[in-house]
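Take a look at the structure below.
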Ligand SMILES: CC(C)(COP(=O)(O)OP(=O)(O)OC[C@H]1O[C@@H](n2cnc3c(N)ncnc32)[C@H](O)[C@@H]1OP(=O)(O)O)[C@@H](O)C(=O)NCCC(=O)NCCS
């Protein structure tokens, strides 16, 4: 399997998969400021997707889903690894996400549970944090590289 940046013609498949996976799509017009990656199998079979919103030095990981018949074969982890590489190339230092379904998956992928109130303001103002995801969703975070703060 391989990952690549989503193209305009991929968005109907992405949207259908997110709906089938009971994930939010209401803030997903094609021109939303969200970078999507997809995973493909031989023959260009669409396997799944993941989205990244860039909010300054922080990133919001969202819309991770794998086709139900292709789960548990590593595609989810492949997508998370790919979005982390994309985020790092965008200069993002920390990733955030909200999940009601996959906290165990993300713990295994190196994310830790965080108090939602500790997320930076730009992340808290994203639609996912501000209105779409329920208050009961678990907030998780992962540092990609140390902040380039002043040395003491
Ligand atoms: C969550 C999801 C993307 C995982 O995709 P996947 O392709 O099945 O995951 P992988 O095969 O890459 O799994 C990687 C590891 O995580 C584990 N894992 C997968 N799903 C898990 C889950 N729900 N809970 C705990 N561990 C999980 C796997 O066992 C595997 O462990 P291993 O490396 O020790 O074998 C997929 O189950 C899915 O699409 N779910 C519905 C949508 C959803 O809930 N998305 C999350 C929104 S935040």
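Numbering (the working numbering), first residue to last: 164 to 315.
In this text, a Cβ means the ideal position worked out from N, Cα and C, and glycines have one as well.
All figures in this text were calculated on a predicted structure; none of them were measured in a lab.
For residue i, the residue or residues it bridges with in DSSP
i           : result
residue 164 : None; residue 164 has no bridge partner.
residue 221 : 218, 257
residue 228 : 212
residue 306 : 257
residue 262 : 301
residue 276 : 303
CA nearest to the CA of residue i, picked from the options
i           : options            : result
residue 307 : 200, 262, 258      : 258
residue 190 : 254, 216, 209, 268 : 216
residue 207 : 239, 221, 172, 197 : 172
residue 261 : 166, 205, 297      : 297
residue 281 : 176, 221, 252, 234 : 221
residue 178 : 254, 166, 165, 209 : 209
residue 255 : 271, 203, 224, 205 : 224
residue 165 : 269, 289, 243      : 243
residue 290 : 167, 269, 248, 226 : 226
residue 247 : 272, 231, 236      : 272
Sequence-distant residues of its chain with Cβ nearer than 7 angstroms to residue i (five each side left out)
i           : result
residue 170 : none
residue 304 : 257, 258, 259, 274, 275, 277
residue 228 : 180, 181, 184, 186, 211, 212
6 angstroms CB neighbourhood of residue i in its chain, flanking five on each side removed
i           : result
residue 295 : 187
residue 263 : 300
residue 239 : 229
residue 197 : 214, 216
residue 269 : 303
residue 176 : 209
Close-in-space but distant-in-sequence residues of the same chain around residue i (CB under 8 angstroms, 5 per side omitted)
i           : result
residue 219 : 283, 285
residue 233 : 204, 210, 211
residue 266 : 276, 301, 303
residue 251 : 307, 308
residue 167 : 200, 201, 203
Inset, instruction - May I have a chain-ordered list of the beta strand (DSSP E) segments no shorter than 3 residues that lie completely inside the region 181–218? - result: 197–204, 208–218
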